[in-house]
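For what it's worth, my numbering labels the leading residue of the sequence shown as 27, then goes sequentially.
This report concerns only the one structure given below.
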Amino acid sequence: MLAWFAWWLLVSLIGWLTFPLAFRLLPALADRGYALSRALGVLLWGYAFWLLASLGVVRNDPAGLLLALALLAALSLATGWKVRRRLVAWARARRSTLLWAEGVFLAAFALWALVRAAAPEIMGTEKPMELAFINAILRSPTFPPHDPWLSGYAISYYYFGYVLVAGLARLTATPGAVAFNLGVALVFGLGAVNAFGLVYNLLAARRSSRDPAWGLLGPLFVLFMGNLEGFLEVLHRRGLFWRPGPEGQPVSWFWQTFLNIKDLNTPPQPPYGWLPQRFWWWWRASRVVQDFNLAGQFQEVIDEFPQFSFVLGDLHPHVLALPFALLAVELALNLYLGGARGRTGPLRLSKPAFALAAVALGGMAFLNTWDFPIYVGLFAAAYALRQSRAWRERLSAFFGLGLALGLAGGLLYLPFYLGFQSQAGGILPALVTPTRGAHLWVMFGTLLVPIFILALGRLPGWNPGVRGRALRFVLALWGGLWALMLLLTVAAVPVTAWASQRIPQAALALPTLLGVWGADTLSQALREGVLRHLRCLAGGGTVALLLFLAWWGVEAEAQRGASRSQKRGATPSGEGFLWLLAFWGGLLVLTPDYLYLRDQFGTRMNTVFKFYYQGWLLWALVAAVATAEIFRRRRRWARAAQAVVAAAALAGLVYPVLAVPGRTNNFHPPDGWTLDGSAFLQRQSPDDWALIAYLQQAPLGAVAEAVGGSYTQYARISTFSGQPSVLGWPGHEVQWRGGANEMGSRQDDIALLYATRSWPEARAILQRYHIRYVVVGALERNTYPVAEGKFQQFLAPVLQVGGATLYRVPEEPPVR
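Next up, the structure:
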């Protein structure tokens with residue numbers, strides 16, 4: 027409780043200190059940036075500290091963090107000093123809005139801290155990796171921080187979010203395992219207040235309502251809403267839509283043919299009920315899109331959404347980036363609205379506004395690299411749409427600002443890029459795996475229903491004269507995706523032939539791609555792939571229809587804006603920006619049907635994951651505003667629309683209502699209520715924990731411990747202590763670095779270190795990797811035939827607890 031309060035107070039203080047800066051630079055927002063000031067402040071504070079530490083100006087310690095906070099406070103107060111009287115008057119007039127924002131953050135942060143306290147254990151999925159990064163940053167004296175799973179190297183990953191969590195942990199004296207769970211709760215709280223502010227500002231800009239209560243729809247749709255898989259689990263558990271087959275076995279067209287989602291396509295076991303009983307049933311919601319290649323082989327696809335992320339409790343970069351993605355959207359909204367009251371003509375981006383955008387958007391690459399081009403593009407699109415209705419001027423403004431922000435954002439975070447390696451390997455065609463319409467609606471139905479209803483309700487007010495312009499644009503865009511997919515497919519043969527003459531390994535590219543597609547020949551893949559896309563047109567067609575309606579709304583508002591700009595004192599409307607969000611989200615969802623980024627997995631799994639997640643954020647914001655608009659209507663047709671939207675929302679809320687109790691064992695945690703994510707380890711492996719507790723305070727040095735596969739108990743010493751292991755999870759290092767060159771023979775060398783009876787052989791390995799500590803515990807003995815005698819003879823044990831021993835290696839290990 028004390029740690030939670032310290033985090034709330036520190037983050038709130040950072041937000042209050044940052045508000046004068048937000049008030050000055052975000053004048054077009056109805057709340058003047060108050061709701062987002064916490065996220066903005068944490069980002070600017072973290073950036074200042076990271077940059078100073080990376081340049082060697084400060085060390086990674088509390089003094090450096092306090093200096094960065096003082097610089098942020100000075101910048102904010104200096105910026106807001108000239109408008110201090112207006113700020114005070116505005117705050118008095120909008121006291122209720124400020125209290126709503128404070129209440130949303132407090133309630134959301136407290137709620138999810140409670141959820142994490144009921145299921146705090148840091149084990150399974152990506153949690154060990156994430157804790158390893160936090161602890162490594164806490165232990166690193168300088169930046170870049172050391173890689174906790176590859177001693178001698180710095181982290182090669184987008185780790186900015188972990189810098190922010192570690193910074194808060196250091197200033198509040200919070201242990202890493204507690205900071206992990208507070209970090210999850212904080213991201214939820216920041217996401218909630220940012221979503222609240224965004225919906226409030228969008229409704230105010232649309233002149234719909236200034237009632238802050240409607241802003242609550244923001245966190246409801248962005249964070250709490252689930253997809254329809256939870257509702258389907260209830261129907262499935264109840265045994266609905268099954269009938270006896272020819273041989274008496276249950277069969278179902280609905281479950282096995284129409285949906286055909288893994289787990290749901292198998293008959294439920296009686297006795298039937300209403301509550302799902304399958305272990306971790308809620309996991310299936312993140313895997314509703316089912317891809318099969320032409321050979322019928324299943325290819326896993328991740329279609330995560332925020333509520334699943336927080337139920338799971340991972341603190342992965344896409345989760346850490348969530349509140350800052352919403353911050354980027356709000357910066358784009360402020361830009362679209364003119365940045366100042368009464369400006370509806372072409373925009374001129376001031377230097378302070380450009381600098382703020384460059385830091386915030388550039389930070390997206392450091393937080394979650396995939397998001398950087400997405401939000402730079404959205405920001406540039408908002409700018410371009412306000413410049414002109416002519417396509418040439420729009421394109422010039424879009425690419426001009428986009429390139430400028432990309433370059434500035436890259437330069438501001440240059441130290442990160444200098445040490446970053448990527449597994450990205452170019453763009454490939456998603457020839458045989460389009461998303462089926464049924465799966466698209468299971469994934470996004472709760473959001474699409476209110477968006478489509480609002481769009482159809484708006485049609486009578488949109489100028490039909492721009493309908494053809496919107497239709498041509500969307501058809502050209504959709505056709506361009508088709509053409510690019512087919513072009514990349516056809517080009518595979520000549521490109522492979524050309525590349526193989528220079529790089530012999532390139533000759534394997536085409537056979538590998540055919541293997542991913544499950545095809546024998548390129549012509550077969552091309553023919554069957556096109557047919558699959560045509561058969562799955564309900565999915566792409568749904569998104570294309572939304573793109574058309576959204577762009578029609580954008581163009582209609584642009585035309586209105588052009589006429590309004592002729593009127594003195596006219597103010598811009600947020601209507602066009604709302605439909606820009608719908609369009610941008612649709613583009614993110616449609617693209618993985620045709621193209622994907624090649625990585626270590628070889629399929630479109632990661633592209634769907636990253637694009638759908640951001641698509642959910644944008645569509646959720648639009649759905650929240652749409653729901654507010656629909657429920658504020660009093661016309662006769664609105665009753666039916668409200669009933670449909672309410673039914674869709676209730677179906678989506680089935681997921682959190684059932685998943686949260688399922689994840690927390692109905693709020694009966696086995697280790698008691700705690701935010702300490704290491705409590706389970708202390709209970710299950712007290713011997714290992716004694717070694718970890720010692721190493722948390724011991725001087726920094728490379729640790730030798732058992733090496734094993736990802737998502738296991740391996741690397742537990744380095745993960746929980748922050749000391750760098752010679753090698754942690756090998757598969758993750760390959761992903762982070764795009765290959766195994768840096769890893770070398772470490773896995774075999776560690777196996778030899780434990781198994782050999784030869785001290786000279788062991789000594790050579792200790793010296794090669796500058797190993798300072800050797801761990802011999804139950805896991806090491808179960809993994810290797812440990813010859814411990816050499817350690818006992820030549821090394822001094824610094825700690826021995828039960829069956830676990832920690833040996834310290836002197837700077838110059840004895841020869842004999």
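All C-beta atoms in this analysis are idealised placements derived from N, C-alpha and C, irrespective of residue type, glycine included.
Look up Gln325 in the DSSP assignment and say whether it is helix, strand or coil. Position 299 of the sequence shown, counted from the start, is the residue given in the question as residue 325. Gln325 falls in the strand class under three-state DSSP.
Which of helix, strand or coil DSSP assigns to His758: Counting from 1 along the sequence shown, the entry for residue 758 is found at position 732. Helix.
Short Cβ contact (8 angstroms threshold) for Leu43 with Leu91: One-based indexing of the sequence shown puts residue 43 at position 17. One-based indexing of the sequence shown puts residue 91 at position 65. No.
Does Ala822 pass the burial test, meaning 16 or more other C-beta atoms within 10 Å, or should it be called exposed? On the sequence shown, residue 822 is found 796 positions in, with the first residue counted as 1. Under this definition Ala822 is an exposed residue.
Roughly how many angstroms separate the alpha carbons of Phe206 and Leu246, rounded to a whole number? Here residue 206 refers to the residue found at position 180 of the sequence shown. Here residue 246 refers to the residue found at position 220 of the sequence shown. Distance between the alpha carbons of Phe206 and Leu246: 24 angstroms.
Nonlocal neighbours in the same chain, by C-beta distance under 7 angstroms from Ala94, ignoring five residues either side: As a first step, residue 94 is located in the sequence shown; it is residue number 68 there, counting from the start. Trp71, Ala74, Phe75, Leu78.
Of all the options Ala381, Leu457, Phe603, Glu326, which has the alpha carbon lying nearest to the alpha carbon of Leu363? Translated into the one-based positions of the sequence shown, residue 363 becomes position 337. The candidate whose alpha carbon is nearest that of Leu363 is Phe603.
In whole angstroms, what separates the C-alpha of Lys153 from that of Ile287? Start at 1 with the first residue of the sequence shown, and residue 153 comes out as number 127. Start at 1 with the first residue of the sequence shown, and residue 287 comes out as number 261. Approximately 27 angstroms, taken between the alpha carbons.
Please state the DSSP three-state secondary structure of Trp42. In the sequence shown, the residue the question calls residue 42 occupies position 16. Helix, per DSSP.
Nearest-angstrom Cβ-Cβ length linking Phe214 and Gly244, presumed shorter than 8 angstroms: Taking the sequence shown and counting its residues from 1, one reaches residue 214 at position 188. Taking the sequence shown and counting its residues from 1, one reaches residue 244 at position 218. Their Cβ separation, rounded to whole angstroms, is 13 angstroms, which puts Phe214 and Gly244 out of contact at 8 angstroms.
Whole-angstrom distance between Pro170 and Gly463, CA atom to CA atom: One-based indexing of the sequence shown puts residue 463 at position 437. One-based indexing of the sequence shown puts residue 170 at position 144. Distance between the alpha carbons of Gly463 and Pro170: 45 angstroms.
Assuming contact is defined by CB atoms lying nearer than 8 angstroms, are Gly106 and Phe49 in contact in what I supplied? Within the sequence shown, the letter at position 80 stands for residue 106. Within the sequence shown, the letter at position 23 stands for residue 49. It is a contact, given that the beta carbons lie within the stated cut-off.
What residues match up with Arg269 in a beta bridge as DSSP calls it? Sequence index remark: in the sequence shown, residue 269 carries index 243 (1-based). In the DSSP output, where bridge partners are listed per residue, Arg269 has Val277.
Between the Cα of Leu36 and the Cα atoms of Glu731, Tyr183, Leu190, which residue gives the shortest distance? Within the sequence shown, the letter at position 10 stands for residue 36. Comparing Cα-Cα distances from Leu36 to each of Glu731, Tyr183, Leu190, the minimum goes to Leu190.
Taking only the alpha-carbon atoms, compute the straight-line gap between Leu710 and Leu387 and give it to the nearest angstrom. Counted from its first residue, the sequence shown places residue 710 at position 684. Counted from its first residue, the sequence shown places residue 387 at position 361. The sequence shown places Gln at residue 710, rather than the Leu named in the question. Distance between the alpha carbons of Gln710 and Leu387 is about 43 angstroms.
For Val841, list the residues DSSP reports as bridge partners. Along the sequence shown, read from residue 1 onward, the residue named residue 841 stands at position 815. DSSP output for Val841 lists no bridge partner at all.
Between which two residues does the alpha helix (DSSP H) harbouring Pro88 extend? The residue given as residue 88 occupies position 62 in the sequence shown. That run of the alpha helix (DSSP H) goes 88-106.
Leaving out the 5 sequence neighbours to the left and right, which residues in its chain are closer than 8 angstroms to Ala311 when beta-carbon positions are compared? For the purposes of this step, residue 311 is taken as residue 285 along the sequence shown, with counting starting at 1. So the qualifying residues of the chain are Gly252, Asn253, Glu255, Gly256, Phe331, Phe334, Tyr681, Ala685.
Quick one: Cα of Gln826 to Cα of Leu832, how far? Position 800 of the sequence shown, counted from the first residue, corresponds to residue 826. Position 806 of the sequence shown, counted from the first residue, corresponds to residue 832. Going from the Cα of Gln826 to the Cα of Leu832 covers about 6 angstroms.
Assuming Tyr799 contacts Val729 under a Cβ cut-off of 8 angstroms, what Cβ separation, rounded to an integer in Å, is found between them? As a position in the sequence shown, residue 799 is number 773, starting the count at 1. As a position in the sequence shown, residue 729 is number 703, starting the count at 1. The Cβ separation is near 5 angstroms, so the contact holds.
Apart from the five residues just before and just after Trp33, which ones in its own chain have a Cβ nearer than 7 angstroms to its Cβ? Locating residue 33 in the sequence shown gives position 7, counting from the first residue. Closer than 7 angstroms at the Cβ level, and outside the excluded window around Trp33, lie Leu194, Thr198, Leu208, Leu212.
Where Pro537 sits in the DSSP three-state scheme: One-based indexing of the sequence shown puts residue 537 at position 511. Looking at Pro537 - three-state DSSP - the assignment turns out to be helix.
Classify His465 as buried or exposed, calling it buried when 16 or more other Cβ atoms lie within 10 Å of its own Cβ. Residue numbering aside, residue 465 sits at position 439 when the sequence shown is read from its first letter. Its Cβ being crowded by 16 or more others within 10 Å, His465 is buried.
In whole angstroms, give me the CA-to-CA distance for Gly368 and Gly544. As a working mapping, residue 368 is identified with position 342 in the sequence shown. As a working mapping, residue 544 is identified with position 518 in the sequence shown. The predicted model places Gly368 with a pLDDT of 38, which falls under 50 and marks its position as unreliable, so this point remains unresolved.
Distance, Trp577 Cα to Gly494 Cα: The residue given as residue 494 occupies position 468 in the sequence shown. The residue given as residue 577 occupies position 551 in the sequence shown. The alpha-carbon atoms of Gly494 and Trp577 are separated by roughly 11 angstroms.
Any idea if Met27 is buried or exposed, counting beta-carbon neighbours within 10 angstroms, 16 or more meaning buried? Within the sequence shown, numbered from 1, the residue matching residue 27 stands at position 1. By the 10 Å Cβ count, Met27 comes out exposed.
Can you name, in chain order, every residue of its own chain whose Cβ lies under 8 angstroms from the Cβ of Leu845, other than the five neighbours on each side? Residue 845 lies beyond the range of the chain shown here (27 to 842); nothing can be said about it.
From the DSSP output, read off the bridge partner residues of Ile797. If you number the sequence shown from 1, residue 797 lands on position 771. Paired residues: Ala728.
What is the rounded straight-line gap between the Cα of Gly595 and the Cα of Ala54? Residue numbering aside, residue 595 sits at position 569 when the sequence shown is read from its first letter. Residue numbering aside, residue 54 sits at position 28 when the sequence shown is read from its first letter. Residue placement at Gly595 is poorly supported in this model, since its pLDDT is 45, which falls under 50; the coordinates still yield a value, given next. Each residue's Cα considered, the two are about 14 angstroms apart.
In the DSSP assignment, find the unbroken alpha helix (DSSP H) run with Tyr401 in it and report its ends. Taking the sequence shown and counting its residues from 1, the one referred to as residue 401 is at position 375. That run of the alpha helix (DSSP H) goes 397-413.
Evaluate contact between the segment 617-628 and the segment 470-485, counting only Cβ atoms and requiring at least three cross-stretch pairs below 8 angstroms. no
Pull up the CB-CB distance for Leu62 and Asn220, whole angstroms please, since I reckon it's below 8 angstroms. For the purposes of this step, residue 62 is taken as the residue at position 36 of the sequence shown. For the purposes of this step, residue 220 is taken as the residue at position 194 of the sequence shown. At roughly 5 angstroms, the Cβ-Cβ gap stays under 8 angstroms, so Leu62 and Asn220 are in contact.
The beta strand (DSSP E) with Val824 in it runs from where to where? Against the sequence shown, residue 824 aligns to sequence position 798. Taken as a continuous stretch (DSSP letters only), the beta strand (DSSP E) holding Val824 covers 822-827.
The alpha helix (DSSP H) spanning Tyr443 covers which residue range? On the sequence shown, residue 443 is found 417 positions in, with the first residue counted as 1. Element bounds for Tyr443: 440-444.
Are there 16 or more other CB atoms within 10 angstroms of the CB of Thr395, so buried, or fewer, so exposed? Counted from its first residue, the sequence shown places residue 395 at position 369. Result: buried.
Pro302 by DSSP, collapsed to three states: which one? As a position in the sequence shown, residue 302 is number 276, starting the count at 1. Note: Pro302 maps to coil in three-state DSSP.
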